[in-house]
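>
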Amino acid sequence: MTISHSAPSSAALPPALSPPTRPEPDARARLVTRRGPRRVTRTLAVGALAAALGMTASNTLAQASPEPSPSRATAATGEDPASLRRFVEQRPRWTACDHKELDAAGARCATIQVPLDYRHPEGRTLTIGFSRIKATDTRNRIGLMMHNSGGPGGITLDMPLLDAPAMGRELAARYDLIGMDPRGVGRSSPVRCGTSGHWLRSAGYDTEGFRAQARYEADLVRSCQRVYGEDLVYLGHFTTRNTARDMDLLRTVLGERKTSYFGISYGTYLGAVYAQMFPNRIDRLLLDSAIDPAQWYVPAFRDATSANEEYLDTWAAWAARRHDTYGLGDSAAKVRATVEGIARQAARTPLKVGPYTADGQQVPQALAMTTVDDREFAWTAETVRILHDAALGRTVEPTETLLAALGPPDDEAEVQNSLQIALQCADRAAPRELSWYRGNVERSRATAPLFGPLFNGVHPCAFWPSEPVEPPMTGGNDVPGLIVQATGDTRTSHANGQGLHRKMPNSRLITLKARVHGVYGLYPNACVHQQVNDYLRTGDLPARDTICEKDPADAVGR
252 MTISHSAPSS AALPPALSPP TRPEPDARAR LVTRRGPRRV TRTLAVGALA
302 AALGMTASNT LAQASPEPSP SRATAATGED PASLRRFVEQ RPRWTACDHK
352 ELDAAGARCA TIQVPLDYRH PEGRTLTIGF SRIKATDTRN RIGLMMHNSG
402 GPGGITLDMP LLDAPAMGRE LAARYDLIGM DPRGVGRSSP VRCGTSGHWL
452 RSAGYDTEGF RAQARYEADL VRSCQRVYGE DLVYLGHFTT RNTARDMDLL
502 RTVLGERKTS YFGISYGTYL GAVYAQMFPN RIDRLLLDSA IDPAQWYVPA
552 FRDATSANEE YLDTWAAWAA RRHDTYGLGD SAAKVRATVE GIARQAARTP
602 LKVGPYTADG QQVPQALAMT TVDDREFAWT AETVRILHDA ALGRTVEPTE
652 TLLAALGPPD DEAEVQNSLQ IALQCADRAA PRELSWYRGN VERSRATAPL
702 FGPLFNGVHP CAFWPSEPVE PPMTGGNDVP GLIVQATGDT RTSHANGQGL
752 HRKMPNSRLI TLKARVHGVY GLYPNACVHQ QVNDYLRTGD LPARDTICEK
802 DPADAVGR
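Here it is as structure tokens:
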């Protein structure tokens, strides 16, 4: 597409393309084992955002029904049990998970079929893959615990391996721990647009940088159009609402009247939507690193700007004290100048990093991948050091982080990229005025020179040719729940967690004084974990909101 020299008043839609035959969902999607805190999907996909979207109830499964009746069909379908009877009456066929860690933990895996469109359940279907680690303390069994690892686009099949150690053997033994890959990723029917990389790219330092970023986003949409057709009707059903419906269908297939739920980042959005749609089907509700539902999804990216700049400032002071090790500057101001100089140089002349190049769009993206955990300052320093050497003309090889930022996406990353774009565009319409994005970018530069153009740039949904099939809702719900939020969260700001707390008046908020995204099971803290586990054990929320200090062992920059 072409963008005029001055930002046009609205985004031009990508040119129409001849729609090919749409691919059938692939039920045999490859599962890739979670790689721990540095996994790219935690930092840019899983950790990109969390949100709680509210949309008015529809007349189908989205309708919040009364307390489920003993009938399996009625429990799952709300007003029209007959239409989903064939789905409700499925019986999972349990097998080994073909996943080393899950199999070692005693998990079993299965699939079910769900409607692509719950308004027309007689039509196309999708496969949903899931794991289960069954409760071994059957006398004191509490029930199901469903999960979502975030994203949108995060693989969740193996997420029970994350919280089981945090819960402890005794408590974990009282739950059936369910890891359901949401529609679109993992062992569920995948979305593949053939994207060239993650959509979050910087708008750079000038008009040409902004144009280049906008062209990149439009190209991603065109890639989806080439695969799925101009109107993208198929992708319009990969929504948070439908994922919540899939969860409730799975709950019913498993024969449970209620489920508990643990979601991180985007998973808090999914959990809040599920609670709003099906309030009588929630037992315990744990939302970690959450967001104000009114902020889903473009405003939430903008809200991440200041927290990332503050993280960089704190890291710069840490790196300055280690100038002899990293050589990035002997004061925080000099370290910051080094980082910003690298980014500006890359915008003028892309840096050579092994077989790849790093330009002005990619350098801020690569650095943002590392601003997720204040115990991992050495990770940021390692990334900056390599980019600094590349800027000096030295021969360097990319780290795993730089490979993810600069190289072509592997199959897992491509599926996650594709679903994240499709789901965000299907959930809620984005502003289409390129001048709106350009104004946000320019206003951000004074206080956020590095990350402002990254988190305020053009969203691919500005070019999406179709509107969401369900209207957005921005309210909360009355379901009791426990929200965990860090003060310096670089993906879902503490202010957004407070916003969700206000919209859920029966919730409690635990605030951890740390710069981290994802706390429970990812950032061990005795104060947080004790309160969470007490809640998961008893179902009783803390008496009041609390503030937790970092554990002494988790000093900044350890």
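Convert by adding 251 to the 1-based position in the sequence shown; the result is the number in this note's numbering.
Heads up, the beta-carbon is just placed ideally off N, CA and C, and yes, glycines get one too.
#1: Are there three or more Cβ pairs, one per stretch, closer than 8 Å when the segment 782-794 is compared with the segment 726-734?
#2: What is the DSSP secondary structure of I637, counted as helix, strand or coil?
#3: Are the segment 736-746 and the segment 709-716 touching, with three or more C-beta to C-beta distances below 8 Å?
#4: Could you please give me the residues that DSSP links to F381 through a beta bridge?
#5: Just to check my reading of the structure: R759 and L422 have Cβ atoms closer than 8 Å, yes? What is that Cβ distance to the nearest angstrom?
#6: Hey, G455 and A463 are a contact pair by Cβ (cut 8 Å); roughly how many whole angstroms apart?
#7: Sort out for me which residues DSSP pairs C348 with in a bridge.
#8: So is H752 buried or exposed if we call it buried at 16+ other beta carbons inside 10 Å?
#9: Between A641 and the ligand HEM, is there a pair consisting of the residue's CB and a ligand heavy atom that are separated by less than 8 Å?
#10: Helix, strand or coil: which one does DSSP assign to K603?
#11: Taking only runs that begin and end inside the segment 494-534, name each unbroken beta strand (DSSP E) of 3 or more residues, in chain order.
#12: Within the same chain, show all residues whose beta-carbon is closer than 8 Å to that of T738, passing over the 5 residues directly before and after it, in chain order.
#13: For a cutoff of 9 Å on Cβ pairs, would you count I761 as touching chain D?
#14: Helix or strand or just coil, what does DSSP make of T554?
#15: Quick check: the segment 401-410 against the segment 429-444, are at least 3 beta-carbon pairs closer than 8 Å?
#16: Can you list, in chain order, the residues of its chain whose CB lies under 7 Å from that of R535, leaving out five sequence neighbours each side?
#17: So, at 6 Å on beta carbons, what are the nonlocal neighbours of H768 in its own chain, with the 5 sequence-adjacent residues on each side left out?
#18: If you reduce the DSSP assignment to three classes, tell me which class T389 lands in.
#19: So, with DSSP's three-state summary, where would you put A737?
#20: Is it buried or exposed, I237, if we count other Cβ atoms within 10 angstroms and call 16 or more buried?
#21: Applying the 10 Å Cβ sphere with the 16-neighbour rule, what's the burial state of H398?
#22: Relative to the C-alpha of F714, which candidate in R683, A794, A415 has its C-alpha closest?
#23: Would you report the Cα separation of E810 and L395, rounded to the nearest angstrom?
#24: With 16 as the cutoff for other CB atoms within 10 Å, does T621 come out buried or exposed?
#25: For D432 and G480, which I take to be in contact (beta-carbon distance under 8 Å), what is that distance rounded to the nearest angstrom?
#26: Classify R420: buried if its beta carbon has 16 or more other beta carbons within 10 angstroms, exposed otherwise.
#27: Suppose you measure from the CA of A794 to the CA of P756; what does that come to, to the nearest Å?
#28: Threshold first: 3 residues or longer. Then list the beta strand (DSSP E) segments lying entirely within the segment 719-794, N to C.
Walking through what the data contain:
#1: By the C-beta criterion, the segment 782-794 is judged to be in contact with the segment 726-734, since at least 3 inter-stretch pairs fall below 8 Å.
#2: The residue labelled residue 637 in the question sits at position 386 within the sequence shown. Helix at I637.
#3: no
#4: Here the question's residue 381 lines up with position 130 in the sequence shown. F381 is bridged to A361, M431.
#5: Indexing the sequence shown from 1 puts residue 759 at position 508. Indexing the sequence shown from 1 puts residue 422 at position 171. Contact doesn't hold; Cβ gap of about 19 Å is too wide.
#6: Residue numbering aside, residue 455 sits at position 204 when the sequence shown is read from its first letter. Residue numbering aside, residue 463 sits at position 212 when the sequence shown is read from its first letter. With a Cβ gap of about 7 Å, G455 and A463 count as contacting.
#7: Along the sequence shown, read from residue 1 onward, the residue named residue 348 stands at position 97. BP columns for C348 are empty, so no partner.
#8: On the sequence shown, residue 752 is found 501 positions in, with the first residue counted as 1. The residue in question, H752, is buried, as its Cβ has 16 or more Cβ neighbours within 10 Å.
#9: The ligand HEM is not among the ligands present in this structure, which contains no ligands whatsoever.
#10: Residue 603 sits at position 352 when you count from the first residue of the sequence shown. K603 falls in the strand class under three-state DSSP.
#11: 510-515
#12: Walking along the sequence shown from the start, residue 738 turns up at place 487. For T738, where only same-chain residues beyond five positions count, the Cβ hits under 8 Å are H745, T762, L763, K764, A765, R766.
#13: In summary, chain D is missing from the structure at hand, where a single protein chain is found.
#14: Here the question's residue 554 lines up with position 303 in the sequence shown. Checking the sequence shown, residue 554 turns out to be Asp, not Thr. It is helical.
#15: yes
#16: By 1-based counting over the sequence shown, the position of residue 535 is 284. Excluding positions up to five away in sequence, the list reads S511, Y786, L787, G790.
#17: To locate residue 768, count along the sequence shown from 1; it is residue 517. Hits under 6 Å: G298, S540, V623, D740, T741, R742.
#18: Numbered from 1 along the sequence shown, position 138 holds the residue referred to as residue 389. Reduced to three states, the DSSP call for T389 is helix.
#19: On the sequence shown, position 486 is the one that residue 737 refers to. Correct three-state label for A737: strand.
#20: With the chain represented from 252 up to 809, any question about residue 237 goes unanswered, as that position is not in the structure.
#21: Along the sequence shown, read from residue 1 onward, the residue named residue 398 stands at position 147. It is buried - the Cβ of H398 has at least 16 other Cβ atoms within 10 Å.
#22: The sequence position of residue 714 within the sequence shown is 463, counting from 1. It is R683.
#23: Nothing about residue 810 can be reported from this structure: the residues present for the chain run from 252 to 809 only.
#24: Position 370 of the sequence shown, counted from the start, is the residue given in the question as residue 621. Burial call: buried.
#25: The residue given as residue 432 occupies position 181 in the sequence shown. The residue given as residue 480 occupies position 229 in the sequence shown. With a beta-carbon spacing of about 25 Å, D432 and G480 fall beyond the 8 Å limit used to define contacts.
#26: Working through the sequence shown from its first residue, we reach residue 420 at position 169. So R420 counts as exposed.
#27: Taking the first residue of the sequence shown as position 1, residue 794 is located at position 543. Taking the first residue of the sequence shown as position 1, residue 756 is located at position 505. Rounded to whole angstroms, A794 to P756 spans 13 Å at the Cα level.
#28: 733-737, 759-763
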